[in-house]
Amino acid sequence: MNDLIEALAGAVIEAQDNIEQHQISNLLGYFDSQNRPKSLVVRMPSIHPQAEEGSEDMYRAPLLPLVSSNMLKIKDVEITFDVD
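Here's what the structure looks like:
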């Protein structure tokens, strides 16, 4: 019985490790090959005092803070089995 419980606990730990590895690989997608953050150019109405009406300024924003960063974790595990 102890071996079964240890195997089940090990499976949960391995599943959590797989989730973490997947999240890390997703995180790397927000950086280029030189580890610089990938970014997005955003056009915003100009706030400069001398700007003409309707003029825009361009801003470069890194992608990572623009997306949800909820880390997945296994919170609860429920296992049901019958023993004969």
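The sequence shown lines up with residues 188 to 271 when you count with the working numbering.
Where is the CB? At the ideal position from N, CA and C, for every residue including glycine.
Remember, it's a predicted structure, so these values are computed and weren't measured experimentally.
Which residue's Cα is closest to the Cα of I261: S226, D219, V199 and L214?
V199
Measure the beta-carbon distance from M245 to R230 and round it to whole angstroms, keeping in mind my assumption that it falls under 8 Å.
6 Å
Please go through the same chain and pick out, in chain order, the residues whose beta-carbon is closer than 8 Å to the beta-carbon of S226, but skip the five residues on each side of it.
R247, A248, P249 and L250
Per DSSP, cross-strand counterpart(s) of V228:
R247
Own chain residues within Cβ distance below 7 Å of S233, not counting five before or after:
S242, E243 and D244
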